[in-house]
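Heads up, the thing below is written out as structure tokens.
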Amino acid sequence: MDIKIIFPDKSERTFPAGVTAGEAIGAWKKDALASSVAAKVNGMSVDLSFSMKEDATLETIAISSKEGLSILRHSISHVMAQAVQDVFKGAKVAIGPSIEDGFYYDFEYSETFTLDDFEKIEKRMKEIVAADYPFVREEIPRPKAVELFAGRGESYKVELINDLPEDVTVVSLYKDGDYIELCRGPHIPSTGKIKAFKLLSVAGAYWRGDERNKMLQRIYGTGFADEQALADYLTLLEESKKRDHRRLGKELDLFQVNEEAGAGLVIFHPKGMLLRYLIEEWERKEHLKRGYDMVMGPQILKVDLWKKSGHFDHYRENMYFTEVDEQTYGIKPMNCLAHMLIYKSKIRSYRDLPLRYFELGTVHRHEKTGVLHGLLRVRQFTQDDAHILCRPDQLNSEIRAIADFVNYAMGIFGFEYEVELSTRPENSIGSDADWELATQALENALKDNNINYEVNEGDGAFYGPKIDFKLKDALKRKWQCATIQCDFTLPERFDLSYIGADGEKHRPVMLHRVILGAVERFMGVLIEHYAGAFPVWLSPTQCILLTVTDKHIPYAEKVQEQLLAAGIRSETYFDNEKLGYKIRQAQLQKIPYMLVIGDKEMDAGTVAPRARDGQNLGALPVDQFIALVQDMCEKKK
RNA sequence: GCCGAUGUAGCUCAGCUGGUAGAGCAACUGAUUCGUAAUCAGUAGGUCCCCGGUUCAAAUCCGGGCAUCGGCUCCA
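Every position in the first sequence, counted from 1, becomes a number in our numbering once 189 is added.
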């Protein structure tokens, strides 16, 4: 097989697959020393970096590129489907795409696949790979394809073909050996090119992602260009699991989710609560700096108010209710209502706007049991919520200010994020015109600020469209944190108004927004982000005093007094253990500084800090160490 | 809510086809007083997730719950 490369200067050359990147670059330009050579290899964008991939052949490079891997994995999913159907007669295939880190294939089968079945399937897959069947593309008329798959009992494939747009008259098939599959392609040249794959898990998944449909069995797997890359990926997966916030929450004694208390209800332990307090205090200050007013509403409000807002009609299944004295109350799932009542408490002038009401508002939502997940998806959580009531002409600048706020906050914690614009869902309230206006307002603000975003059709809140900011957890699952929602409906339902310059009543617009989202969720993502090794300003324990022997305790106690007086979060560890043991324990707790106290320190009146990364800072006078920690807190390091 | 797996000491886990529970770490006690990731010895610790059933006998088998994990759907 030959491989065509388009070099950065657009020149094209063809090489045999076994040629190395170094040789290819050399042939293109003898003196190419660039650390990155962005080229197209068989149409796929690849960094033909000379230094990094010198020894890799063009074939490996082509497969290792993002597009290449996606094609490889898609081909492996075909081989898996083929193997499953060989081993388990009567299994029906649905769809099997490549995904971010691998691939899956959905099957309908009378028996449940187990992890033990993976061995059989993988064995058959290896035989198919060894046979090195070429993937052959074939195009046939649509009716013939329906006939073909109907004849094989592949009802899902028939449904897929029938749902193609009417102008599609020909469909493509891919064959490898005597196996035929409906597929758009492309595929790798032959099954023999598959060098490394592994089946990972099996799970249920609804046909076409709709819970009204039948549930199929989905087998997940992954594949790479070579065994080493696969091994590296599996190691990475193991490493990621070590930073799972549920595991770290236990190891660092931050929180628990207790079965006796109830599913999805978090209990914060002292250190977890301290971390939470630090985040919340930072947030309050940042909000005050930005012209927000702090407010607070009640946990329960009369059910009639929820009827008025539309929550009762559209959100009831997720709400908790309580009845006292023949009066039904809704436990708030959102914080907006009290804020509406604050706005309505007096007549507002156009000069008063915008009004920005901020509340660390605790809400309860009855989430389905199957979706609960550590701190990331819970039933009681606290939003850093604000409602901004403004004039329509202020909308753009308010949205811009929020986007800046989010960007600033993410920068403080070192997060990268993705932005999505979510539009009108099926179950929604409000007029078409308002939805159009609100969606435009959000979109314009994004465009004006040159923010890259993707559109997420039909994913908005029931009362308005929204801009979502998403963070990734350790296992690359995306979680929504910040969100900005534009709402014309609630001001209408509550008949909010302000007196304009013209002396007439006007309707304000409302923005719902959160910056971190839910404090619980943000903490979960944060724990994973830092792998539990929080920056000094967020560390529940900033330093720990480790004595070498018992005779150093009195001096250490004096140092501890000084540290606490200076506001440093310091712990003591005076147990009768060797220093090495205490260092190890402190290290496992990921405490930023371990202060060793022995004869030298006692005599000189110093402390000997050892940083979490293993670095020894040498002997420091206590006040100098205090200054160091305070400086790091100041700079949010 | 749906599909599947799992639930044993504070933690991580072992306990084969039913015969009445075990290890390491942690805790406690004692010895040791030690300089940058685990000192030694001993002691104590369990409604085997809960409720019911089968059985002479259930951690083990069956049924029903609850919870957790991996997904799907949904969501901050």
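For glycine and all other residues, C-beta sits at the position ideal for the given N, C-alpha and C.
Buried versus exposed, by CB contacts within 10 Å (16 or more), residue i
i	result
R326	exposed
A690	exposed
Q488	exposed
G600	exposed
V818	buried
I815	buried
D788	exposed
R202	exposed
K346	buried
L734	buried
T736	buried
K199	exposed
T843	Outside the displayed range of the chain (190 to 826) lies residue 843, so it cannot be described from this structure.
Q778	buried
P810	exposed
M241	With a pLDDT of only 47 at M241, under the threshold of 50, the placement of this residue in the model should not be trusted, and no figure is reported.
S254	buried
Y597	exposed
P581	exposed
Residue range of the beta strand (DSSP E) that includes residue i
i	result
W668	667-676
H576	569-579
D657	655-661
R373	No beta strand (DSSP E) contains R373, which DSSP labels as neither H nor E.
E643	643-645
In DSSP terms, what residue i is bridged to
i	result
R202	I194
C732	S759, Y782
I456	Q445
E297	K281
R702	A575, I673
S266	For S266, which the question treats as bridged, DSSP gives no partner whatsoever.
K364	V325, I369
M483	F547
S379	P323
CB of residue i within 8 Å of CB of residue j, strictly
i	j	result
I329	L362	yes
H458	Q445	yes
Y687	Y509	no
D662	L565	yes
K460	L443	yes
P543	I577	yes
V703	Q572	yes
R407	A394	yes
H701	C579	no
K535	E609	no
A800	E790	no
S389	G291	For the sequence presented, residue 389 should be read as Leu rather than Ser. The answer is yes: Cβ separation under 8 Å.
I618	F651	yes
I260	H376	yes
H553	V484	no
R758	G499	no
A182	V282	Nothing about residue 182 can be reported from this structure: the residues present for the chain run from 190 to 826 only.
G550	D514	no
G247	F204	This sequence places Leu at residue 247; Gly is not what is there. Yes; because the gap between Cβ atoms is below 8 Å, this pair is in contact.
A775	T761	no
G412	R262	yes
Limits of the unbroken alpha helix (DSSP H) element including residue i
i	result
E289	First-last for E289: undefined, no H or E at that position.
M712	708-718
T249	247-253
Y744	742-754
K771	768-777
E693	Element bounds for E693: n/a, residue is neither H nor E.
W217	210-217
Any non-hydrogen atom of the ligand ATP closer than 7 Å to residue i Cβ
i	result
N524	Although the ligand ATP was asked about, the structure shown includes no ligands whatsoever.
Which full runs of the beta strand (DSSP E) of 3+ residues lie inside the segment 317-361, going along the chain?
-> For secondary structure counted as the beta strand (DSSP E) over 3 or more consecutive residues, the segment 317-361 holds these complete runs in sequence order: 324-330.
Please specify which runs of the beta strand (DSSP E), each continuous and at least 3 residues long, are wholly inside the segment 382-444, giving them in chain order.
385-395, 404-413
Report task. With a floor of 3 residues, list each beta strand (DSSP E) that falls wholly inside the segment 490-567, ordered by position along the chain. Result -> 509-513, 516-520, 544-553
_Quick check on the DSSP output: what are the complete beta strand (DSSP E) runs of length 3 or more inside the segment 596-622, in order along the chain?_
Note on the segment 596-622: whole beta strand (DSSP E) runs with a minimum of 3 residues are 607-611, in chain order.
Contiguous beta strand (DSSP E) assignments of at least 3 residues, all confined to the segment 787-819: 795-800
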